[in-house]
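Peer 1: Please read through the structure below; I'll follow up with questions.
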Amino acid sequence: MEIADKTLNKVRGAEAIVIHNGNVVLGMQKPQRWYELENGKRAAIIKTLGGQKEEDDGESSKKTILREISEELKGIDFTKMKITKHPIFSKEVRMGEMNPFERDSDLSMHADFYLLNITDDRKIQPDDLPALVEIPLDDFLELDFDRVDRLDHLQKYVIENKENTQTLPQYYAFMVPKEVKDFLKTLFKRKEEEERE
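Those letters in the sequence shown? Residues 1 to 197, per this note's numbering, in order.
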C-alpha cells in the first residue's frame with residue numbers, strides 16, 4: 001500500500017484485487033521504496049494495485065482505484081474494466097504486521113478492497129511501476145505470503161517495465177492481506193464448480 005507521507009500514522013486508501021484472463025495481477029513497489037538487506041542485496045514489496053486516497057478523489061474509493069490503475073497499468077481501456085459496486089471488504093492494513101522489512105513501523109492505512117476484472121485480452125504492461133506480477137489463480141493460492149523469497153522463484157510471472165533502468169531486486173515479500181487469499185479461494189472454488197456443471 002503506497003503510503004506517501006510518513007509523518008502520518010494513519011491514512012485512507014483503496015486497493016484492487018485485479019483479475020486479468022483468469023490471472024491475479026499484483027504490482028512491485030517503486031525503486032524509492034526498495035529495501036537494502038544486510039547481505040548487500042535489495043528487496044521489494046509486491047502488493048495489490050491501489051494506494052492512498054488523494055484530495056481529488058473526494059470520498060470515493062472507486063475514484064482512487066481508477067486513478068491508481070491508470071497510473072500503474074499501461075494502455076488499459078476503461079470500458080473493459082469491471083469493478084464491484086461496493087468493497088468486498090475493508091481492512092486496517094498495518095505496515096508493521098504485513099511488511100517484513102518494516103516491523104517497527106506504526107503506519108497504517110484503512111483500505112477498501114474491490115474486485116476489478118479486466119476483460120481486455122491484450123497483454124498488460126506496467127506503466128509507472130518497475131514490474132507487474134501476473135499469476136494464474138490456482139498458482140496464486142499455493143504461494144507462501146509469510147516469507148521473504150528470491151525473485152527468480154517468481155520470474156515466469158514477472159512482467160518487467162521495459163523503461164525501467166534499474167535491475168529488479170533479488171528478493172521480494174508479498175504485502176497481501178489474508179482476506180484477499182480467502183476471497184480468491186472462494187472464487188476459485190466457484191469456478192471449479194461451474195466447470196463441472
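Every residue, glycine too, gets a C-beta built ideally from N, C-alpha and C.
With contact counted as at least three CB pairs below 8 Å, one residue from each stretch, are the stretch 65 to 82 and the stretch 142 to 158 in contact?
Peer 2: no
Peer 1: Helix, strand or coil for P87? Go by DSSP, reduced to three states.
Peer 2: Residue numbering aside, residue 87 sits at position 87 when the sequence shown is read from its first letter. Coil at P87, not helix or strand.
Peer 1: Counting Cβ pairs closer than 8 Å, one from the stretch 97 to 105 and one from the stretch 129 to 136, do we hit at least three?
Peer 2: no
Peer 1: With a threshold of 16 other CB atoms inside 10 Å of the CB of T64, please say whether the residue is buried or exposed.
Peer 2: Along the sequence shown, one-based indexing puts residue 64 at 64. Buried, by the Cβ-count rule.
Peer 1: What distance in whole Å lies between the Cβ atoms of M81 and L116, which are believed to be in contact at a cut-off of 8 Å?
Peer 2: Position 116 of the sequence shown, counted from the start, is the residue given in the question as residue 116. Position 81 of the sequence shown, counted from the start, is the residue given in the question as residue 81. Confirmed, Cβ separation roughly 6 Å.
Peer 1: Where in the stretch 101 to 136 do unbroken runs of the beta strand (DSSP E), each at least 3 residues long, occur, reported from the N-terminal end onward?
Peer 2: 108 to 118, 131 to 136
Peer 1: Have a look at N164, E142, I76 and flag the residue whose alpha-carbon is nearest the alpha-carbon of L154.
Peer 2: By 1-based counting over the sequence shown, the position of residue 154 is 154. Comparing Cα-Cα distances from L154 to each of N164, E142, I76, the minimum goes to E142.
Peer 1: Quick one: residues in its chain with C-beta nearer than 6 Å to the C-beta of D5, no 5 flanking neighbours on either side, listed in chain order?
Peer 2: By one-based count along the sequence shown, residue 5 stands at place 5. Low confidence applies here, because D5 scores a pLDDT of 44, under 50, leaving its location unreliable; read the following figure in that light. So the list is empty, once near-sequence residues are dropped.
Peer 1: Does the contact criterion of 3 or more C-beta pairs under 8 Å hold for the stretch 12 to 27 versus the stretch 124 to 133?
Peer 2: yes
Peer 1: Just mark E36 as buried or exposed, buried being the case when its beta carbon has 16 or more other beta carbons within 10 Å.
Peer 2: Counting from 1 along the sequence shown, the entry for residue 36 is found at position 36. Burial call: exposed.
Peer 1: Which same chain residues, not among the five before or five after D184, have their C-beta less than 8 Å away from its C-beta?
Peer 2: For the purposes of this step, residue 184 is identified with residue 184 of the sequence shown, where counting begins at 1. In the sequence as presented, Asp is not what sits at residue 184; that position holds Leu. Around L184: I17, V24, L137, F140, L141.
Peer 1: Could you tell me the distance, in whole angstroms, from the CA atom of S90 to the CA atom of I124?
Peer 2: For the purposes of this step, residue 90 is taken as residue 90 along the sequence shown, with counting starting at 1. For the purposes of this step, residue 124 is taken as residue 124 along the sequence shown, with counting starting at 1. When rounded, the distance between both Cα atoms is 27 Å.
Peer 1: Using DSSP with H/G/I as helix, E/B as strand and the rest coil, what is L49?
Peer 2: If you number the sequence shown from 1, residue 49 lands on position 49. The answer is strand: DSSP assigns L49 an E or B state.
Peer 1: Closest by CA to K62, which one among L49, D77, I83?
Peer 2: Residue numbering aside, residue 62 sits at position 62 when the sequence shown is read from its first letter. Out of L49, D77, I83, I83 has the C-alpha closest to the C-alpha of K62.
Peer 1: Specify the secondary structure class of D149 as computed by DSSP and reduced to three states.
Peer 2: Taking the sequence shown and counting its residues from 1, the one referred to as residue 149 is at position 149. In this structure, D149 counts as strand in the three-state DSSP scheme.
Peer 1: What number of angstroms, rounded off, separates the C-alpha of I88 from the C-alpha of I118?
Peer 2: Position 88 of the sequence shown, counted from the first residue, corresponds to residue 88. Position 118 of the sequence shown, counted from the first residue, corresponds to residue 118. Approximately 17 Å between the Cα atoms of the pair.
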